[in-house]
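Notes for the one structure printed next.
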């Protein structure tokens, strides 16, 4: 069936149609991969071009999902070492075998799926599947898709996240250019600028913080939308702070505290509570202090003092954090004396 079957890709790719011939082809590939993997490795380009669309788009259903959320693996990288469902592993193997022989067909399928999701107002979840395949061909194809300007803001954000997580330089420049639209009267254009700022602050803050900082000082509403988007997306993941200089984190904390003062935080009670955006913003703001405390550098101690100077009203709540930060800095920077120094 793998050799002679026909999935009729033109009939279902980019639609919501479930193609039984295509699904049968995937199951055949999956079975032979497990029983005779060499047979799959030896398939030629003609065969892979035929089947790569279903390898990319095949849905496992509720019993075949990842143990961890696959759509966030490229963002929350601390989770990337968690185990995947074996079915995901098999699909990844098929993608890695087929992509070198059917690059254009896979990317064409990817772009068609993006168009379908964009038109149907669905979420774009497919990008996580191609992270293992990423190369400049995929990067350029997605960047070209971005520049066609007919995508929804959330889809633009998804693609920006994917490309910036792979450090694609053209996307950095494109995202920076979108920031100019922060005051646009066109709602979609403005929302795209928010998505751009969000992804730049997550993945490339050292090159863009000063630009965004200048804008948010004059446009607090735009800045608040950015913070809300970031806090909802990264939530309890402090890994993104590693991309910042300590002084940048201090400036971010000071600005955020001006917009979301600590004394306005909702008090957590002993009863059940559904967390909302404001809660995640508060947690994320406080995580900046947590990160600076445990970073253990002289700069982190210095910027904690800077925060107190700018926000004296929180002195009592973080003064002890400076003491702890100093202790951690000494521990991390201490080097034991060499034996000859002791005996001399």
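Numbering (UniProt numbering), first residue to last: 1 to 344.
Where a beta carbon is used, it is the ideal one built from N, C-alpha and C, also for glycine.
Residue i: which of the options sits nearest, CA to CA?
i, options, result
"residue 303", "8, 289 and 167", "289"
"residue 125", "157, 210 and 148", "157"
"residue 191", "135, 149 and 247", "149"
"residue 370", "253, 107 and 45", "The chain is shown only over 1 to 344; residue 370 falls outside these bounds and no answer can be derived."
"residue 138", "115, 154, 168 and 123", "168"
"residue 361", "227, 166 and 170", "Limits of the chain in this structure are 1 at one end and 344 at the other, which puts residue 361 out of reach."
"residue 165", "285, 112, 117 and 135", "135"
"residue 283", "296, 297, 299 and 261", "261"
"residue 27", "232, 277 and 60", "60"
"residue 16", "49, 47 and 112", "112"
"residue 153", "217, 337 and 121", "121"
"residue 301", "48, 259, 326 and 219", "326"
"residue 37", "90, 286 and 58", "90"
"residue 208", "162, 231, 252 and 232", "252"
"residue 242", "291, 127 and 100", "291"
"residue 296", "321, 140, 86 and 141", "321"
"residue 248", "115, 324, 212 and 186", "212"
"residue 49", "266, 106, 332 and 34", "106"
"residue 287", "336, 142 and 230", "230"
"residue 259", "218, 141 and 173", "218"
"residue 99", "32, 263, 265 and 51", "51"
"residue 313", "337, 324 and 263", "263"
"residue 101", "141, 127, 85 and 47", "47"
"residue 58", "265, 24, 141 and 143", "24"
Closer than 6 Å by C-beta to residue i: which residues in its own chain qualify, once you throw out the five before and the five after it? Chain order, please.
i, result
"residue 244", "205"
"residue 240", "202 and 234"
"residue 117", "124"
"residue 109", "13, 53 and 56"
"residue 151", "118"
"residue 70", "Below a pLDDT of 50, predicted positions are generally treated as unreliable, and residue 70, at 42, falls in that range; no measurement from the model is reported."
Got a sec, what are the start and stop residues for the alpha helix (DSSP H) residue i sits in?
i, result
"residue 356", "Limits of the chain in this structure are 1 at one end and 344 at the other, which puts residue 356 out of reach."
"residue 261", "Careful: residue 261 lies outside any alpha helix (DSSP H) and carries neither H nor E."
"residue 48", "45-57"
"residue 336", "First-last for residue 336: undefined, no H or E at that position."
"residue 178", "169-178"
"residue 158", "153-165"
"residue 205", "205-218"
"residue 143", "136-146"
"residue 307", "298-310"
"residue 240", "Here residue 240 belongs to no alpha helix (DSSP H), and DSSP marks it neither H nor E."
"residue 21", "20-35"
"residue 10", "9-12"
"residue 282", "277-295"
Taking all protein chains shown into account, do 16 or more other C-beta atoms lie within 10 angstroms of the C-beta of residue i, making it buried, or fewer, making it exposed?
i, result
"residue 256", "buried"
"residue 339", "exposed"
"residue 188", "exposed"
"residue 1", "exposed"
"residue 280", "buried"
"residue 40", "buried"
"residue 78", "Note that residue 78 scores a pLDDT of 45, beneath 50, so its modelled location is shaky and nothing firm can be said."
"residue 199", "buried"
"residue 293", "buried"
"residue 129", "buried"
"residue 22", "buried"
"residue 19", "buried"
"residue 334", "exposed"
"residue 315", "exposed"
"residue 267", "exposed"
"residue 10", "exposed"
"residue 3", "exposed"
"residue 274", "exposed"
"residue 31", "exposed"
"residue 246", "buried"
Leaving aside the five residues before and after residue i along the sequence, list all residues of the same chain whose C-beta is less than 7 Å from its C-beta, in chain order.
i, result
"residue 306", "250"
"residue 132", "92, 95 and 96"
"residue 298", "329"
"residue 310", "254"
"residue 160", "171, 175, 195, 196 and 199"
"residue 225", "194"
"residue 232", "277 and 280"
"residue 115", "14"
"residue 215", "179, 182 and 222"
"residue 220", "259"
"residue 146", "156, 159 and 174"
I'd like the list of long-range same chain contacts for residue i, defined as Cβ closer than 8 Å, with 5 residues on each side in sequence excluded.
i, result
"residue 193", "178, 179, 180, 181, 182, 184 and 222"
"residue 103", "137"
"residue 318", "289, 304, 307 and 308"
"residue 8", "19, 21 and 22"
"residue 155", "114, 117, 118 and 124"
"residue 143", "163, 168, 170, 171 and 174"
Would residue i pass as an interface residue toward chain B - the criterion being a Cβ-Cβ separation below 7 Å?
i, result
"residue 53", "Absent here is chain B; the protein component of the structure consists of one chain."
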